[in-house]
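Okay, so here's the structure we're looking at.
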Amino acid sequence: MAIPLEDHAIHSRRNAVAAVVTVLVLTLLSGFAWRVYHYASLIQSGELTEADLVFTQRYTASEAIASAPISEGEFDVVTSDDPSLGSENAALTIVEFADFGCPYSREESFVVRSMAALFGDRVRIVYRDFPILELHPEALVASEAAECAAEQGRFWEYHDKLYANQTDHSDDALIRYATELNLNAGEFKRCLSSNRNLREIDEDYADGVEAGVRGTPTFFFNGIRIPGAIPEDTFMKLIERFTVSS
C-alpha cells in the first residue's frame with residue numbers, strides 16, 4: 001500500500017528535525033566534554049585552581065579573608081601611572097583590575113567609590129584595565145576613552161559615566177560623555193583616534209594575567225589577591241582588617 005504524499009512529507013520533516021536535534025545535542029555534548037577536559041588539564045597542570053573555578057559565583061570567599069590573619073602580599077601590582085584615589089602613603093593600597101563592559105565590575109564600581117569617600121587618605125585605590133574582549137567587545141575602546149579622559153584629569157568622572165551607561169560604549173557615545181563632562185572635545189577625539197593608550201592597557205592586562213587575574217573584578221589588598229565582586233559590608237571589613245593590622 002502506497003504511503004500518501006502528505007504523510008510521507010510529514011515523516012520526512014520529522015526525520016529531518018530529529019537529525020538536526022541529534023546534531024545539536026552531539027555538538028553541545030562535545031563542546032561540554034572539551035571544556036571539562038580543558039579545565040581538568042589546567043587543574044592538573046596547576047594553571048587553574050579550585051578558587052578560579054568558583055569565580056563565576058556572584059561573590060568570593062572574601063568574608064573569610066576579612067577574618068583571617070593578614071599575611072604578606074604575594075603580588076606587586078601597584079603602579080604609579082594608573083589612576084588612583086587616596087594617598088600614596090596610605091596603610092592599605094587596593095588595586096582593582098576591572099572591565100568597563102563587565103556587569104560585576106559595574107556593580108563593584110559603586111562600592112569602590114563609596115569606600116574611597118568613606119576612608120579617604122587611609123586607603124589608596126588604583127584602577128587597572130582588564131578588558132575581556134571575548135565577552136565585552138567594546139571594553140577596549142572604553143578603556144582607551146577613560147585613559148584619554150585621564151589625560152585631562154577627569155578619569156574618575158569618566159569612569160562613572162562609563163559604568164552608568166554600560167549598554168552604550170559606541171564611539172559617538174564616548175565622545176558625548178566627554179562633552180557632557182566639559183572635556184576638550186577636539187583633544188579627546190584626537191587621543192581616541194590615535195590609539196596611543198593601547199600600550200598602557202596592554203601592560204595592565206599582561207600584569208593582571210601574570211598575577212593570576214582570570215576575570216573581573218579582581219582586587220589586590222596590599223598584594224593579596226581577592227577575585228570576584230565583594231559585597232559592601234565585606235569590603236568595609238577587609239579595609240578595617242588591613243588598616244588595623246598595619
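The sequence shown begins at 1 in full-length UniProt numbering and counts up one residue at a time.
Where a beta carbon is used, it is the ideal one built from N, C-alpha and C, also for glycine.
C-beta neighbour in chain B for residue i, strict 7 Å
i   : result
D99 : This model lacks chain B altogether, as it is built from one protein chain only.
Residue from the options with nearest C-alpha to residue i
i    : options                   : result
F219 : S84, F97, P83 and E200    : F97
G223 : P231, V213, E232 and A229 : V213
I239 : A206, A116 and S170       : A116
G120 : F221, G86, S193 and E200  : G86
F188 : F75, G153, L118 and L140  : G153
D99  : L135, V77 and A90         : L135
C148 : T79, Q166 and E200        : E200
V141 : V112, Y163, A90 and D171  : D171
E144 : S193, L181, S84 and Q166  : S193
Beta-bridge partners of residue i, as assigned by DSSP
i    : result
I132 : DSSP lists no partner for I132.
A90  : A90 is not bridged to any residue.
I226 : F219
F97  : R128 and T218
L85  : I125
Pairwise C-alpha distance: residue j and residue i
i           : j    : result
V123        : D82  : 16 Å
L198        : I226 : 26 Å
D207        : E108 : 21 Å
A185        : F155 : 15 Å
G101        : A150 : 18 Å
F110        : H169 : 19 Å
F242        : R106 : 24 Å
G228        : P103 : 11 Å
N195        : V244 : 42 Å
T27         : G215 : For T27, the predicted structure reports a pLDDT of 42, less than 50, and the residue's modelled location is therefore unreliable. The matter cannot be settled from this model.
D202        : L118 : 31 Å
E88         : L183 : 26 Å
V209        : F75  : 12 Å
T79         : P137 : 26 Å
Y205        : P131 : 7 Å
A139        : C191 : 17 Å
S114        : I94  : 14 Å
P217        : A173 : 24 Å
A146        : I230 : 23 Å
A90         : A164 : 28 Å
V112        : L92  : 14 Å
V77         : Q166 : 26 Å
residue 254 : L133 : Coverage of the chain is limited to positions 1 through 246, which leaves residue 254 absent and any answer about it impossible.
heavy atom of the ligand MN below 6 Å from residue i C-beta
i    : result
G153 : The ligand MN is not part of this structure, which contains no ligands at all.
Along the chain, which unbroken stretches of the alpha helix (DSSP H) at least 4 residues long are found entirely within the stretch 148–189? 155–164 and 171–180
When you compare the stretch 126–145 with the stretch 156–175, are there three or more beta-carbon pairs, one atom per stretch, that lie closer than 8 Å? yes
If contact is defined by three or more beta carbon pairs under 8 Å, each pair taking one atom from either stretch, is the stretch 170–180 in contact with the stretch 230–238? no
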